[in-house]
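Heads up: the protein sequence lines correspond to chains H and U, in order. Using numbering that gives the first Met the number 0, you'd call the opening residue of the first sequence number 0 and step up by one each time. Using numbering that gives the first Met the number 0, you'd call the opening residue of the second sequence number 0 and step up by one each time. All residues carry an ideal CB built from backbone N, CA and C; glycine is no exception. Working notes, structure below.
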Amino acid sequence: MIDVARIDHWAASGAGPLHEASTIAKIIFLLLVLSAAVLSRNPYALLTGYGVLLVVAAASGLPWSRVMVLSWYAAVFALLYSLSLRSGGWDRMLFILKAITPSCAMLMLIVSTPYPRIFSLLSMVLPEVLAAGLFMTYRTLFILLDMMDNFAAAIRLRGGFSPGSLYKNSANISRGIAMLLVRAVERASRLYAVMVVRGYNGSMAEQGGIRLHRSDWLPITTGTVVLMLVIVWQ
Amino acid sequence: MTHMHIPDGVLPVWFWVLGFIVMSMIMGFSLYRLRAMDMKKKIPLLGALSAAMLVGMSLPTELILPGYHINLSVVTGILIGPALGFVAAFIANVILALMGHGGITVIGLNTLLLGSEAVLGHGFFYLFKRFPVFWRAVFATVLTLFITTLILVGFVGMSHFDPELLHHGEEHGRELQGNGSITTFAVLVFTIGVVGWLIEASITGVVIRFISQVKPDLLGHMLHVNKDGKGPGGDDRD
C-alpha cells in the first residue's frame, strides 16, 4: 500500500540536512546510486551501499524504517525475475539488492523533497501537457485520497466491509470508486478552471534551484560513496 | 496485482534504453494526436484519472484480497481514449517511480505495460459494443490483462536475450536457448495474475456501468459514439 499523504507530510515537515539540500543535488545523488545499481556485479558491495543509505537516512531524521520497508516492495519482481533466470543464491541476492538500493535512494529523495519542487525541475524538460498533467494529478491525488478516507469511514460505520467477503467488499468498493471518479473529475475541472482564471499557463511557479549549495554536500557525498563502493569492490 | 512494476537494476541496460525509445515514439504520436485537444476539458480529466489509478493502487488491499491491488488503467483507457490514456499511464508511472514503486530507468517499459492496458482496454471496449456496458467492460478488462501479462512475459523473455551472442555464431545458439526459464516466470505471473484480473474486471465493470448511468458524457469519447449518434450507454445499458 502506498501512503502518499504520509510521504508528502514527511517531505513538507522535515528539517534535517537532506531536507535542506537542493533538489538538483538529491537528483544527482539518485543518479549516482542508480549508476551503482546498474554497474554492480557484487551483492556485498550493494548491501554495504544499502546500509550506508539507511544510516544516512536515520542520521538525517528521515523515517528510515518506513523507507526500508517500502524499498523492499521492489524485491518482489526482482525475485520472480531471478527465478526466471534459474539463477543461484548469489545472483538472486544481487538482483534483489539491485532493485532495493535505488528504490531506497528514491524514497530518501521523496520523503525529503516536496513534490512541487521535483515537478518544477521536470517541467523544464517535459512537454506542457505532461507537466500540466503531472501537476493536476498531484493536486487531484490528495483530493481523492481525502474523499476515499471519508468513504471508507462511512462504509465501515454502516457495516459495508466484512472480512473474507470478497463479493460484498468488491461491490461496495467498486461503487465507491465510481462515485469518487465522477466527483474527482468535477472537482478537477473546477480546480483547473480556477487555476486558469488566476493565471496558470502550464508552467510551475517554483523554478530555479539548479545551482548547488554548501548544504548539498551530504547527498552528493553519499551517492559518490555508494558508487565508489561498487566500482572498487567488483 | 494485475501487473508488476519492474524495479531499477534488474533488466539489461540495452533493454530499458529500448523501452525508453519505444515509449518516447508512442508518446510523441500520442501528443501529436492530442495537439488539437481542448485543454480545459482534457487536463482535469487526465489529472483525475491518473490520480484515480494511483488511489486504486493505494487502496487498503485487505478489504478486497490481501496482496492484490487494482490499477483502473482499463477504466482510464475507456474514459479518456488511447492517446490520453497512454499519457496518464506515463504520469502514473513517474509518480509511482518517485514513490519507489517501479524504477526510474524502467519508466519506459512500465509505461508500455500500463499504457497498453489503457490502449487495449479502450479498443476492446469499443469492439464489444454488442454486449451490455457491464459485460463490455468486464470482457475488455480480462482480455486486456491477459494480453498485457503476455507482454510482461515477453519483456522478461526478451531481456534474457544477449545481443552480443549474435556476433559469436551458431555455436552459442544452444547457450542462448538454455538461458533461463520463461516457463517458471510465466506460470508464476499467470497463476498470481488471474485472480487479480477477475477482481479488476468486476470493479471496472461496476465503475463503467455506474458512470454510463450517472454521467454518460464522461464516456463520450468519439470512438464510443455509434454512427447513428447514440452514446455509449444507448440501448445496451443493463
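Integer Cβ distance of residue i from residue j, believed to fall under 8 Å
i      : j      : result
U:G120 : U:T140 : 6 Å
H:V110 : H:A24  : Incorrect: roughly 15 Å between the Cβ atoms, too far for contact.
Whole-angstrom distance between residue j and residue i, CA atom to CA atom
i      : j      : result
U:A136 : U:G204 : 5 Å
H:L33  : U:G46  : 29 Å
H:P115 : H:V124 : 15 Å
H:G60  : H:T112 : 13 Å
H:V193 : U:P43  : 11 Å
H:A57  : H:S39  : 24 Å
H:R65  : H:F28  : 20 Å
H:S169 : U:I202 : 7 Å
U:K21  : U:N109 : The sequence as given places Val at residue 21 of chain U; Lys does not occur at that position. The straight-line gap from Cα to Cα measures roughly 12 Å.
H:L93  : H:G50  : 15 Å
H:G158 : H:L144 : 21 Å
U:S49  : H:V68  : 25 Å
H:L106 : H:W71  : 11 Å
H:E185 : U:V74  : 17 Å
H:L78  : H:D90  : 10 Å
U:K238 : H:S188 : Chain U is shown from 0 up to 237; residue 238 of chain U falls before or after that span and cannot be answered.
U:M56  : H:V3   : 11 Å
U:I90  : H:V229 : 32 Å
H:Y80  : H:L96  : 13 Å
H:D215 : H:A20  : 5 Å
U:L71  : U:E199 : 7 Å
U:L17  : H:A130 : 23 Å
U:G195 : H:R5   : 27 Å
H:L45  : U:T104 : 18 Å
9 Å Cβ cutoff, residue i in contact with chain A
i     : result
H:Y49 : Included in the structure are the protein chains H and U, with no chain A among them.
Beta-carbon proximity check, residue i vs residue j, cutoff 9 Å
i      : j      : result
U:F145 : U:I5   : no
H:V181 : U:V213 : yes
U:I94  : H:T136 : yes
H:F76  : H:A98  : yes
H:L53  : H:G222 : no
U:A180 : U:L10  : This sequence places Ser at residue 180 of chain U; Ala is not what is there. Not closer than 9 Å, so no.
U:V118 : U:G156 : no
U:I106 : U:N92  : yes
H:A35  : H:V225 : yes
U:V36  : U:L97  : The sequence given here places Met at residue 36 of chain U; Val does not occur at that position. Cβ distance not < 9 Å, so U:M36 and U:L97 don't count as in contact.
H:L217 : H:P16  : yes
H:I26  : H:L108 : yes
Spatial neighbours of residue i in its chain, beta-carbon cut-off 8 Å, leaving aside the 5 residues before and after
i      : result
U:I25  : F85, L111 and G114
H:D7   : P113, Y114 and F141
H:M146 : L179, R182 and A183
U:G101 : H4, I5, P6, N92, L95 and N109
U:L53  : A91, I94 and L95
U:T182 : none
Spatial neighbours of residue i in its chain, beta-carbon cut-off 7 Å, leaving aside the 5 residues before and after
i      : result
H:T22  : T112, R116, I117, L120 and G208
U:F189 : T148
U:F14  : M157 and S158
U:F127 : R135, F138 and A139
H:W63  : L53, A56 and A57
H:Q233 : R40 and N41
Same chain, Cβ closer than 6 Å to residue i, neighbours up to 5 away in sequence not counted
i      : result
U:P81  : V118 and H121
H:A151 : none
U:G168 : Because U:G168 carries a pLDDT of 41, less than 50, the predicted location of this residue cannot be relied on, and the following value inherits that uncertainty. Hits under 6 Å: none found.
Selection of the segment 7-33 of chain U by Cβ proximity to chain H, strictly under 7 Å:
D7, G8, V9, V12, L30 and L33
At a CB distance below 8 Å, what residues from the segment 116-150 of chain U approach chain H? Give them in sequence order.
none
Along the segment 143-156 of chain H, what residues have a CB closer than 8 Å to any CB found in chain U?
L143, L144, M147 and A151
Residues within the segment 93-106 of chain U neighbouring chain H, beta-carbon criterion of under 9 Å
V93, I94, L95, A96, L97, M98, G99, H100, G101, G102, I103 and T104
Can you pull out the residues from the segment 45-60 of chain U whose beta carbon lies closer than 8 Å to at least one beta carbon of chain H?
L45, G46, A47, L48, S49, A50, A51, L53, V54, G55, M56, S57, L58, P59 and T60
Using a Cβ-Cβ cut-off of less than 8 Å, list which residues of the segment 126-141 of chain H approach chain U; keep chain order.
P126, V128, L129, A131, G132, L133, F134, M135, T136, Y137, R138, T139 and L140
Listed from N- to C-terminal order along the chain, which residues in the segment 103-121 of chain H have their beta-carbon within a distance smaller than 8 Å of any beta-carbon of chain U?
C103, M105, L106, L108, I109, Y114, I117 and L121
Determine which residues of the segment 17-42 of chain H have a Cβ less than 8 Å from any Cβ of chain U, and write them out in chain order.
L29, L33, A36, V37 and S39
If you measure beta-carbon to beta-carbon, which residues of the segment 173-185 of chain H are closer than 8 Å to chain U?
S173, R174, I176, A177, M178, L179, L180, V181, A183 and V184
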